[in-house]
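In the working numbering, the protein residues as written are 208 to 522.
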């Protein structure tokens, strides 16, 4: 039987498109919150003997994580063969070390919780700064799908004479990869962060921008302060109005409006989180990972009873 996919707090379009591309059945699930904030979860489709995929993008994770764990536990109770998670945006990856005594390293703790509940994980461009790969924190097969090819294709199609801009040193290697795929030059700014909303950007290493369209690229925009400061600087130094591209558009509070007001010609994002700025789809990349995973687990040597604990790095 084909796997069944249940969507919790993800784009309905993404769920439908994933099912169309992979042949999975779209399952029916009821999920709501009671007035006191507790979650109600009910799986309305049969899962006995079947592989189950839960689709849940994990922005605002504290309102979603428990419902996700409830759904995974219920699927097992109902006889699911295997329960996997597709989290296009994977939360709690940025706290990857204790900066102060007594501080929780939440990337590790959250990984333990999900690893106990699921047999496998697929996500898109997790924030791997101090962790070398997902296998360093997750004890289940974990695939990191790359958005770079989709972003590069959009840039080639939509932006004349692009210069890709990484807003800080952390983005350098990632922006270099997109630039290589897009056949475009790139530069990396220098950032000093003094707090959650206090960021200073230096752009003294930029080339001549007179004939180039600056494209600021970042993996996550939450407060968007880094991209906003970069946009202000580029408006002062470039002839063309900058474009902002973000993989995971959290854009909390009024961040989206502020980024638009900073002088960007356009704010563009992938669809890992449903947002009005979505213009680049990563559904084909997620679908390819799901199909490869399904083919692997369908092999006789991969279908033994019990939950496998094999680490798989990004692909």
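Each residue gets a CB set at the ideal place from its N, CA and C atoms; glycine is no exception.
Applying the 10 Å Cβ sphere with the 16-neighbour rule, what's the burial state of residue i?
i: residue 522; result: For residue 522, the pLDDT reaches just 32, beneath the cut-off of 50, and the residue's location in the model is therefore unreliable, although a value from the coordinates is still provided. Per the 10 Å Cβ criterion, exposed.
i: residue 240; result: exposed
i: residue 262; result: buried
i: residue 234; result: buried
i: residue 433; result: buried
i: residue 378; result: buried
i: residue 512; result: The predicted model places residue 512 with a pLDDT of 33, which falls under 50 and marks its position as unreliable; any figure quoted below should be read in that light. Classification of residue 512: exposed, given that the 10 Å Cβ count is below 16.
i: residue 270; result: exposed
i: residue 251; result: exposed
i: residue 507; result: Its pLDDT being 45, under 50, residue 507 is placed unreliably in this model, and the value from its coordinates should be taken loosely. Exposed.
i: residue 471; result: buried
i: residue 503; result: exposed
i: residue 348; result: buried
i: residue 316; result: exposed
i: residue 426; result: buried
i: residue 516; result: The pLDDT assigned to residue 516 is 30, lower than 50, so where the model puts this residue is not dependable; a value taken from the coordinates is nonetheless given after this. Residue 516 is exposed by the Cβ-count criterion.
i: residue 436; result: buried
i: residue 339; result: exposed
i: residue 267; result: exposed
i: residue 321; result: buried
i: residue 428; result: buried
i: residue 326; result: buried
i: residue 333; result: buried
i: residue 220; result: exposed
i: residue 414; result: exposed
i: residue 380; result: exposed
i: residue 446; result: exposed
i: residue 459; result: exposed
i: residue 392; result: exposed
i: residue 496; result: buried
i: residue 494; result: buried
i: residue 411; result: exposed
i: residue 509; result: Reliability fails at residue 509, whose pLDDT of 43 lies under 50, so the model's placement of it is uncertain and the value that follows must be treated cautiously. Result: exposed.
Would residue i and residue j be called neighbours here (beta carbons separated by less than 7 Å)?
i: residue 265; j: residue 298; result: yes
i: residue 467; j: residue 474; result: yes
i: residue 351; j: residue 454; result: no
i: residue 485; j: residue 420; result: no
i: residue 394; j: residue 372; result: yes
i: residue 439; j: residue 456; result: no
i: residue 448; j: residue 416; result: no
i: residue 194; j: residue 254; result: Outside the modelled stretch of the chain, which goes from 208 to 522, sits residue 194, for which no answer is possible.
i: residue 344; j: residue 318; result: yes
i: residue 296; j: residue 452; result: no
i: residue 248; j: residue 277; result: yes
i: residue 324; j: residue 279; result: yes
i: residue 490; j: residue 224; result: yes
i: residue 215; j: residue 273; result: no
i: residue 430; j: residue 462; result: yes
i: residue 328; j: residue 292; result: yes
i: residue 211; j: residue 232; result: yes
i: residue 283; j: residue 257; result: no
i: residue 450; j: residue 382; result: no
i: residue 366; j: residue 422; result: yes
The beta strand (DSSP E) that contains residue i, what's its start and end?
i: residue 456; result: 450-456
i: residue 473; result: 473-477
i: residue 328; result: 327-331
i: residue 486; result: 485-487
i: residue 306; result: First-last for residue 306: undefined, no H or E at that position.
i: residue 212; result: 211-214
i: residue 239; result: 236-240
i: residue 294; result: 289-294
Strictly under 7 Å for the Cβ-Cβ distance: is residue i near chain C by that measure?
i: residue 440; result: This model lacks chain C altogether; it includes just one protein chain.
Specify, as a first and last residue, the run of the alpha helix (DSSP H) that residue i falls within.
i: residue 342; result: No alpha helix (DSSP H) contains residue 342, which DSSP labels as neither H nor E.
i: residue 315; result: 313-324
i: residue 463; result: 462-468
i: residue 227; result: 219-229
Would the segment 387-398 count as touching the segment 358-366 if we require 3 or more Cβ pairs under 8 Å? yes
If you pair each beta-carbon of the segment 232-246 with each one of the segment 293-313, do three or more pairs fall below 8 Å? no
In chain order, which alpha helix (DSSP H) runs of at least 4 residues are fully inside the segment 245-283? none
Let me know the beta strand (DSSP E) ranges lying completely inside the segment 353-436, each 3 residues or longer, listed in chain order. Annotation: the segment 353-436 contains the following complete segments of the beta strand (DSSP E) (minimum length 3 residues), in chain order: 369-373, 393-395, 397-402, 405-409 and 420-428.
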